[in-house]
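To keep things clear, I will list the structure first and then write my remarks on it.
Numbering (my numbering), first residue to last: 4 to 72.
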């Protein structure tokens with residue numbers, strides 16, 4: 004629940020750049036899909052930087068993948 008609340012807060016703060024560190028960690032599949040949908044719908048025209056170890060999450064977000072390390 005805290006993770007979802009922090010994601011919503013970040014989006015509502017209305018910054019031009021959003022940074023998420025493992026935003027879906029610990030979420031069940033259904034909740035993960037719901038949060039991905041919410042992020043995609045509410046971050047149009049914004050830069051979203053997401054740190055994750057799951058390439059499928061990046062694919063679901065529809066963004067560019069920049070591997071590091």
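C-beta: ideal position from N, C-alpha, C; glycine also.
Looking at the structure shown, is residue 55 part of a helix, part of a strand, or coil, going by DSSP? Annotated three-state conformation of residue 55 is coil, per DSSP.
Less than 8 Å separating the beta-carbons of residue 6 and residue 30? Against a cut-off of 8 Å, the Cβ pair of residue 30 and residue 6 comes out as a contact.
DSSP state of residue 46, grouped into three classes? The answer is coil: DSSP assigns residue 46 none of H, G, I, E or B.
For residue 48, which of 18, 61, 13 and 12 has the nearest alpha-carbon? For the residues 18, 61, 13 and 12, the minimum Cα distance to residue 48 belongs to 18.
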